[in-house]
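S.K.:
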Amino acid sequence: MTRTALLIAHGSPADPEPHEETLRALAARVGAELPGWQVEGATLAKEGRLEAALARLGDPLIYPFFMAEGWFTGRELPRRLAAAGKPDLPRLRPFGTDPGLVALIAETVAGTWPAEHPKLLLAAHGSKVSRTSRDTTLAMAEALRAHGLEAQIECAFVEEAPFIADIARNLEGGTCLPFFALRAGHVTDDIPEALTEANFQGPCLAPIGEHEGVARLIARALQAC
Numbered sequence: 000m001t002r003t004a005l006l007i008a009h010g011s012p013a014d015p016e017p018h019e020e021t022l023r024a025l026a027a028r029v030g031a032e033l034p035g036w037q038v039e040g041a042t043l044a045k046e047g048r049l050e051a052a053l054a055r056l057g058d059p060l061i062y063p064f065f066m067a068e069g070w071f072t073g074r075e076l077p078r079r080l081a082a083a084g085k086p087d088l089p090r091l092r093p094f095g096t097d098p099g100l101v102a103l104i105a106e107t108v109a110g111t112w113p114a115e116h117p118k119l120l121l122a123a124h125g126s127k128v129s130r131t132s133r134d135t136t137l138a139m140a141e142a143l144r145a146h147g148l149e150a151q152i153e154c155a156f157v158e159e160a161p162f163i164a165d166i167a168r169n170l171e172g173g174t175c176l177p178f179f180a181l182r183a184g185h186v187t188d189d190i191p192e193a194l195t196e197a198n199f200q201g202p203c204l205a206p207i208g209e210h211e212g213v214a215r216l217i218a219r220a221l222q223a224c
């Protein structure tokens, strides 16, 4: 019997199609890692997309392509699944909390900074109303230290203190990694603007959700479920 899985992200209500295309491409790469599986992607922002995917897939495993547990994964996604008549579908942990992400980040950033500046800035979303984004980012920093990443690791946020510009200003180089699943306004605008304001001289990498190893990480999580 064909196993099915559905990757779900938030998406952009103002312009949903680019993220839809990104998620479709990621789902295809995940499917290539899982012969015999049918894997699709859908955003909550694209009207009708989630419901149409559920109708095609039947009872898929749900993989939340989010960086943390929060309102969207804890309330909105369950509400949408229930409204589609699928309230009890098995759901994996969000992408940003997958233990396998620790090694992927460590591999990604290793060697990207000058030897005299072994520093990593995890630039994340943050929130003024919820601690989940902050706590998940701080937990990732601790996991990276426990993994043996030999660098000064700092966390900073777009929407709460400590803000990215304030932390980046004192790092004197190093590497910035956007702790985001998809490339949207925070990644394309807010983070670069904050780094420019801070005169940050190190590289700013692509958001971790774009890493080529993400498809295999998701495939392993689905296979283990």
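So that you can map any letter, position 69 of the sequence shown is 68 in numbering that gives the first Met the number 0, and since no number is skipped, the others follow by simple counting.
For each residue, glycine too, the CB sits at the ideal point set by N, CA and C.
Remember, predicted model here, so these are calculated numbers, not experimental data.
In three-state terms, what does DSSP make of V38?
M.R.: strand
S.K.: Restricting to Cα atoms, I'd like to know which of A44, Y62, A8 is closest to A223.
M.R.: Y62
S.K.: For H9 and F71, what's the separation of their Cα atoms in angstroms?
M.R.: 8 angstroms
S.K.: Judging by CA-CA distance, which residue of V108, L137, G125, F178 is the nearest neighbour of K118?
M.R.: Ranking the options by Cα distance to K118, first place goes to V108.
S.K.: Use the C-beta contact count for D189: other C-beta atoms within 10 angstroms, 16 or more gives buried, fewer gives exposed.
M.R.: Buried, because 16 or more other Cβ atoms sit within 10 Å of the Cβ of D189.
S.K.: Across the segment 47–59 and the segment 77–96, are there enough close Cβ pairs to call them in contact, namely three or more that are closer than 8 angstroms?
M.R.: Yes, the segment 47–59 is in contact with the segment 77–96.
S.K.: Hey, would you say E68 sits closer than 7 angstroms to P93, going by beta carbons?
M.R.: yes
S.K.: For R182, which residues of its own chain have a beta-carbon under 7 angstroms away from its beta-carbon, when the five flanking residues on both sides are left out?
M.R.: P206, E209
S.K.: Looking at A170: is its Cβ nearer than 7 angstroms to the Cβ of A4?
M.R.: The identity of residue 170 in the sequence shown is Leu, whereas the question assumes Ala. Not in contact: L170 and A4 (Cβ atoms no closer than 7 angstroms).
S.K.: Which ranges would you report for the alpha helix (DSSP H) in the segment 71–143 if only whole runs of at least 4 residues count?
M.R.: Taking only runs of at least 4 residues, the alpha helix (DSSP H) segments lying wholly in the segment 71–143 are 76–82, 99–108.
S.K.: Taking the alpha-carbon positions, what's the E192 to W112 distance?
M.R.: 20 angstroms
S.K.: Could you check the C-alpha separation between E196 and E149 for me, to the nearest Å?
M.R.: 27 angstroms
S.K.: When you compare only the Cα positions, how much space is there between L56 and T1?
M.R.: 10 angstroms
S.K.: Can you have a look at V186 and say buried or exposed, based on whether 16 or more other CB atoms are within 10 angstroms of its CB?
M.R.: buried
S.K.: For the segment 199–224, which segments carrying the alpha helix (DSSP H) assignment without a break, of at least 4 residues, lie completely within its bounds, in sequence order?
M.R.: 213–223
S.K.: Would you report the Cα separation of A13 and F64, rounded to the nearest angstrom?
M.R.: 19 angstroms
S.K.: Under a CB-based cut-off of 7 angstroms, is P206 close to chain B?
M.R.: No chain B appears in this structure, which consists of one protein chain only.
S.K.: Count the other CB atoms, across all protein chains shown, that sit within 10 Å of the CB of P177; report buried if there are 16 or more and exposed otherwise.
M.R.: buried
S.K.: Between E153 and the rest of its own chain, which residues show a CB-CB distance below 6 angstroms, the 5 nearest in sequence each way excluded?
M.R.: L120, I166
S.K.: With the cut-off set at 7 angstroms, would you say T135 and G95 are in Cβ contact?
M.R.: yes
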